[in-house]
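Okay, structure first, notes after.
Protein chains: 4
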Amino acid sequence: MVAIHHGPLLERCVIPQDPAYEARVRESFSRQRHMATLGATIVSIAPGEVHLAFPYASQFCQQNGFMHAGAIASVADSANGYAACTLAPPETDVLAVEFKINLLAPAQGEGFLACGRVLRPGRTLTVCQADVFSTGPGERILIATMLSTIIVRRRQ
Amino acid sequence: MVAIHHGPLLERCVIPQDPAYEARVRESFSRQRHMATLGATIVSIAPGEVHLAFPYASQFCQQNGFMHAGAIASVADSANGYAACTLAPPETDVLAVEFKINLLAPAQGEGFLACGRVLRPGRTLTVCQADVFSTGPGERILIATMLSTIIVRRRQ
Amino acid sequence: MVAIHHGPLLERCVIPQDPAYEARVRESFSRQRHMATLGATIVSIAPGEVHLAFPYASQFCQQNGFMHAGAIASVADSANGYAACTLAPPETDVLAVEFKINLLAPAQGEGFLACGRVLRPGRTLTVCQADVFSTGPGERILIATMLSTIIVRRRQ
Amino acid sequence: MVAIHHGPLLERCVIPQDPAYEARVRESFSRQRHMATLGATIVSIAPGEVHLAFPYASQFCQQNGFMHAGAIASVADSANGYAACTLAPPETDVLAVEFKINLLAPAQGEGFLACGRVLRPGRTLTVCQADVFSTGPGERILIATMLSTIIVRRRQ
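Protein chains in written order, with my numbering: chain A, 57 to 212; chain B, 57 to 212; chain C, 57 to 212; chain D, 57 to 212.
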């Protein structure tokens with residue numbers, strides 16, 4: 057039996073290139089009007105990891121009263137983008153190239169937490185994964201997971 | 057040089073199992089409040105293919121004023137889900153299991169068209185692809201493509 | 057700062073439905089001739105988690121002498137399928153519906169380890185993730201990660 | 057009803073930057089030992105589109121005697137990579153960043169055809185899609201489709 061360490065894969069890499077990474081993330085997030093529309097807020101920003109919270113809201117639901125997969129994907133995508141952003145150099149912007157999301161459980165509950173983290177930082181491309189949990193009085197449930205490829209570009 | 061037919065792969069399969077498929081799609085779509093929130097409307101419903109239109113709107117944008125990838129993904133996901141729905145039996149509902157989207161060009165323009173079509177219908181799982189185009193006075197541009205796995209379930 | 061537990065998500069679910077799950081996995085694996093061709097062997101089988109090892113071999117390489125992404129994907133796909141298999145009922149078989157793989161580093165080294173684990177078990181669909189590491193005298197490097205949707209079917 | 061043109065999306069872009077693209081593809085393909093191992097051959101090379109054929113072979117099968125998903129993915133990945141290669145500048149190499157494949161039908165038959173085509177060429181990233189068909193005396197069946205992100209790099 058081989059012991060595999062499933063913990064933080066990034067221990068060696070977590071020194072941000074931009075000491076002002078948190079301010080950069082907050083400033084960019086404040087310009088993402090889609091996040092404000094969804095009621096998403098920043099819970100935490102750490103090197104290689106960003107957590108965003110957002111409430112259940114019926115105007116973003118699908119036909120059965122669960123949050124629409126696209127609303128869940130929206131916040132997961134931003135969590136991954138900003139996780140990548142924490143490790144990017146100053147004067148850069150990040151952009152999703154593609155993502156894939158698996159919907160694991162119905163998106164119901166009082167609210168949700170999208171936890172994006174960097175799997176592999178890169179000069180051009182950064183790969184991130186976001187887990188989305190439903191939150192509330194009871195137990196936290198994993199409702200979705202997203203794997204994203206993000207491009208880091210010099211800000212124009 | 058082998059000639060490959062890239063056209064409608066579904067010619068043999070387009071006879072819907074539910075003659076009332078269009079009414080079923082319209083009724084379900086009217087309950088998707090997220091689509092109303094995004095301003096999405098049905099452009100066309102045909103066996104195995106559903107087109108949805110939606111306008112550019114700044115409240116769904118990311119930090120640079122382009123529509124957020126999650127907003128684009130939302131309508132593409134619904135277009136694929138309803139494309140699957142047209143070929144599903146009566147008394148069933150469809151649910152996205154997972155999807156993957158590639159963002160191909162910045163989501164700018166007056167509006168957008170998400171064209172979902174069935175690649176392979178199935179009793180349990182249906183695979184669909186949606187192309188999203190920006191529309192406007194000029195040329196139509198492909199801005200995203202999404203591959204989705206959709207589960208067909210007896211309505212509860 | 058919200059503390060998120062990134063550890064085993066499956067603690068509650070790890071009681072296999074089939075006590076003979078290990079024998080079932082070994083028997084099926086022995087019939088996967090593609091695994092024998094690639095030289096893959098079973099390192100460990102636990103409820104919800106299967107590790108497979110395979111050597112570097114030039115006949116499975118791409119143009120630059122790294123293992124071909126498809127060879128890496130082959131073993132990752134089997135690791136995920138057998139991880140799903142450990143939690144499936146007796147008399148069932150598993151089949152990949154789809155997978156997505158991110159290639160994170162060049163596939164070089166003496167050998168590789170593909171670690172598949174169940175993220176969410178289900179009656180019909182199980183979602184798994186496989187991390188692939190290069191192994192050797194030095195440090196273990198994460199070279200790829202795969203997210204898979206697997207269908208569990210009654211054996212025919 | 058909006059008429060959507062599902063045909064060649066690349067009509068405007070098909071002028072290769074490297075007139076010697078075909079020779080470049082053939083030379084690189086000849087170095088992909090994994091393709092030789094699988095018995096894959098080039099059927100056609102055109103700007104933005106490459107077709108590869110490969111036979112059914114039991115040594116690349118899964119537990120039920122169908123070709124392993126990883127073997128199918130291997131050739132689809134190469135078809136997409138070389139499709140991207142036809143539109144890349146001279147002195148560059150292509151590398152898969154990630155791909156997602158949906159398995160649509162059992163991989164059985166005498167042989168298979170993997171048809172890769174560029175959906176969107178780019179300076180850094182090119183997005184391709186490959187359809188894989190089973191071939192034989194009867195009807196051609198779509199057994200898989202793959203969406204790939206490919207990076208174009210200066211050859212080292």
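The beta carbon of each residue, even a glycine, is placed where N, CA and C say it ideally should be.
Here glutamate 105 (chain B) carries a strand assignment [DSSP, helix/strand/coil]. Runs of the alpha helix (DSSP H) spanning 4 or more residues and lying entirely within the stretch 108-161 of chain C occur at 125-142, in chain order. With contacts defined by Cβ atoms closer than 8 Å, leucine 160 (chain D) and glutamine 185 (chain D) do not form a contacting pair. Residues of the stretch 73-90 of chain C whose Cβ lies closer than 9 Å to any Cβ of chain D, in chain order: Glu83, Ser84, Phe85, Ser86, Arg87, Gln88, Arg89 and His90. In chain order, Leu169, Phe189 and Ser190 place their CB closer than 8 Å to the CB of arginine 196 (chain D), counting only its own chain and leaving out the 5 sequence neighbours on each side. Under the three-state reduction of DSSP, alanine 76 (chain D) is assigned to coil, being neither helix nor strand.
The bridge partners DSSP lists for valine 183 (chain C) are C:Arg176 and C:Thr205.
Taking a Cβ-Cβ threshold of 7 Å, the residues of chain D close to valine 153 (chain A) are Leu181 and Thr205, in chain order.
DSSP, reduced to helix, strand and coil, places alanine 92 (chain D) within a helical segment of the structure shown. Taken atom to atom, the span from the alpha-carbon of glutamine 115 (chain C) to that of valine 131 (chain C) is near 15 Å. In terms of beta-carbon proximity, arginine 176 (chain D) lines the interface with chain B, with at least one pair separated by less than 8 Å.
Here the alpha carbon of arginine 211 (chain C) sits roughly 10 Å from the alpha carbon of proline 145 (chain C). When the alpha-carbon of valine 150 (chain B) is set against those of B:Lys156, B:Val81 and B:Cys141, the nearest one is in B:Cys141. Assigned with DSSP and collapsed to three states, arginine 82 (chain B) falls in helix. Interface with chain B (8 Å Cβ-Cβ cutoff): histidine 107 (chain A) is excluded. For a cut-off of 8 Å, the C-beta gap from threonine 205 (chain D) to aspartate 187 (chain D) is around 17 Å, too long to register as a contact. The C-beta of glycine 126 (chain D) has 16 or more other C-beta atoms within 10 Å across all chains shown, which makes the residue buried.
Listed by position along chain B, the residues whose Cβ is nearer than 7 Å to that of leucine 169 (chain A) form an empty set, because the closest Cβ is around 16 Å away. In this structure, the beta-carbon distance from phenylalanine 110 (chain B) to isoleucine 157 (chain A) does not fall below 8 Å.
About 5 Å separates the beta carbons of glutamine 88 (chain B) and glutamine 118 (chain A), which is inside the 8 Å limit, making them a contact pair.
Contact annotation: tyrosine 112 (chain B) and glycine 165 (chain B) have beta-carbon atoms nearer than 8 Å. Each residue's CA atom was taken as its position, placing arginine 209 (chain B) and threonine 180 (chain B) some 7 Å apart. Under the three-state reduction of DSSP output, arginine 210 (chain C) falls in the strand class. Around alanine 129 (chain D), the beta-carbon contacts reaching into chain C at under 7 Å are Gly126 and Ala129. Around the beta carbon of alanine 92 (chain C), fewer than 16 other beta carbons sit within 10 angstroms, so the residue counts as exposed. Residue pairing by DSSP places glycine 167 (chain A) opposite A:Pro111 and A:Thr191 in a beta bridge.
Chain A places no beta carbon closer than 8 Å to that of threonine 148 (chain B), leaving this residue out of the contacts. A distance below 8 Å separates the beta carbons of glutamate 78 (chain B) and isoleucine 101 (chain B). When the alpha-carbon of glycine 178 (chain A) is set against those of A:Leu198, A:Phe122, A:Gly104 and A:Ile128, the nearest one is in A:Gly104. Taking proline 162 (chain A) as reference, the option from A:Val106, A:Ser86, A:Phe122 and A:Gly192 with the minimal CA-CA separation is A:Phe122.
Distance from the CA atom of isoleucine 199 (chain C) to the CA atom of glycine 137 (chain C), rounded to whole angstroms, is 19 Å. Separation of glycine 95 (chain B) and leucine 175 (chain C) (C-alpha to C-alpha, rounded to the nearest whole angstrom) is 35 Å.
Excluding the 5 residues flanking it on each side, alanine 76 (chain C) has same chain C-beta neighbours closer than 8 Å at Pro146, in chain order.
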